[in-house]
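Trainee:
Written out as structure tokens, the structure reads:
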């Protein structure tokens, strides 16, 4: 026999449902509710709606992440849900559609509730690389003329695999495929990537404020946290980071499908130069992270240069890594 819900229980269930709905849209849950926005999530569209969106802007976003410990103050899906939310906002601003986020990448912390699909420092991906290759082929076959792969999970090997795959698929498909971690689009606002620290936590406080509980942190050192103290995080900082990333992704989404062969070749050359430096810098003996030792200064303007299509300057910046 089904138990009849009391009014308080019913209202609680309804509130939870509303919260879940706003989470799935990657929108804030505070204030008077999220504004009505164009639906850009691929899995929630009918064929005619996809056709119309592709005609307006044939760009597709692919968010990446994993299930991983992000401190006691954050949810374990941080990487994927933040990447997805950023892509949704960018598509609504600049055009394009957003594929469902992937949960599973290269590496992960040695902490509870972390799904490690491939070894942390292995650039020889047997799972993520072929999966991304096939996704790119299918996206191109379906009519998309530009692909943006945004990874919110960014160990060194993860970043290398994503960018190298994007470069190779750009050449093979003759369309621009960008593969980058989200932080590289906002290094000029001092977000240089971290793990469950100030940057990621601030993003989540802005994108999904109810998922962060700073009162659980206690005193440092904070377990599974790398970077600036997350107790300094704020929704205001998260908003500034979000706006920078979203604005640049929106510009790219709008412009990338229009690039001619010359511009496409310049883009591929710049991205290939960057990933080659990241891959070769260890020289077979140093730590894989060596190419990131001064990325915050050498590549500080990468996001700006990418949005402005200043590919020669990107190559000049790479030379300083």
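Residue numbers (my numbering): -1 to 319.
Even for Gly, the Cβ is constructed at its ideal location relative to N, Cα and C.
Around the Cβ of residue 109, are there at least 16 other Cβ atoms within 10 angstroms (buried) or fewer (exposed)?
Mentor: exposed
Trainee: Taking the C-alpha atoms as reference points, what is the distance between residue 62 and residue 217?
Mentor: Rounded to the nearest angstrom, the two C-alpha atoms are 31 angstroms apart.
Trainee: How about residue 231 and residue 203: are their beta carbons less than 7 angstroms apart?
Mentor: In terms of Cβ geometry, residue 231 and residue 203 form a close pair [threshold 7 angstroms].
Trainee: Taking 7 angstroms as the cut-off, decide whether the C-beta atoms of residue 151 and residue 225 are in contact.
Mentor: no
Trainee: Would you mind working out which of 281, 130 and 290 sits nearest residue 318, comparing C-alpha positions?
Mentor: 290
Trainee: Pull up the distance between the alpha-carbon of residue 179 and that of residue 137, whole angstroms please.
Mentor: About 20 angstroms.
Trainee: So is residue 19 buried or exposed if we call it buried at 16+ other beta carbons inside 10 Å?
Mentor: In this predicted model, residue 19 has a pLDDT of only 44, less than 50, meaning its place in the structure is not dependable; the value taken from the coordinates is given anyway. Exposed, because fewer than 16 other Cβ atoms sit within 10 Å of the Cβ of residue 19.
Trainee: Considering only the alpha carbon of each residue, which of 144, 177 and 143 lies closest to residue 156?
Mentor: 177
Trainee: Between which residues of its own chain and residue 210 is the CB-CB distance below 7 angstroms, once the five residues before and five after are set aside?
Mentor: 71, 72, 199, 202 and 203
Trainee: Would you check if the segment 239 to 247 and the segment 295 to 307 touch, i.e. whether three or more CB-CB distances between them fall below 8 angstroms?
Mentor: Below 8 angstroms, enough C-beta pairs join the segment 295 to 307 and the segment 239 to 247 to call them touching: three or more.
Trainee: Take residue 320 as the anchor and find which of 69, 84 and 96 has the nearest alpha-carbon.
Mentor: Residue 320 cannot be examined here, being either before or after the span of the chain that is shown, -1 to 319.
Trainee: May I ask you to list the residues that DSSP assigns as paired with residue 144?
Mentor: 57
Trainee: For the beta strand (DSSP E) containing residue 73, list its first residue and its last residue.
Mentor: Unbroken run through residue 73: none, as it is neither H nor E.
Trainee: Kindly indicate which three-state DSSP category residue 307 falls into: helix, strand or coil?
Mentor: If DSSP states are grouped into helix, strand and coil, residue 307 belongs with coil.
Trainee: How far does the beta strand (DSSP E) with residue 179 in it reach, from first residue to last?
Mentor: 175 to 179
Trainee: DSSP three-state call for residue 107: helix, strand or coil?
Mentor: Reduced to three states, the DSSP call for residue 107 is coil.
Trainee: Grab the span of the alpha helix (DSSP H) containing residue 236 for me, first residue to last.
Mentor: 233 to 253
Trainee: How about residue 45 and residue 143: do their beta carbons lie closer than 7 angstroms?
Mentor: no
Trainee: Just to check my reading of the structure: residue 51 and residue 84 have Cβ atoms closer than 8 angstroms, yes? What is that Cβ distance to the nearest angstrom?
Mentor: Incorrect: roughly 18 angstroms between the Cβ atoms, too far for contact.
Trainee: Hey, how far is the Cα of residue 309 from the Cα of residue 269?
Mentor: 8 angstroms
Trainee: Which first and last residues belong to the alpha helix (DSSP H) in which residue 265 is found?
Mentor: 259 to 278
Trainee: Taking residue 127 as the reference, give the member of 313, 263 and 165 with the closest Cα.
Mentor: 165
Trainee: Going by C-alpha to C-alpha distance, which of 118, 184 and 280 sits closest to residue 238?
Mentor: 184
Trainee: How many Å lie between residue 132 and residue 266 at the Cα?
Mentor: The alpha-carbon atoms of residue 132 and residue 266 are separated by roughly 19 angstroms.
Trainee: Please determine, among 287, 91, 271 and 38, the residue with the shortest C-alpha to C-alpha distance to residue 191.
Mentor: 287
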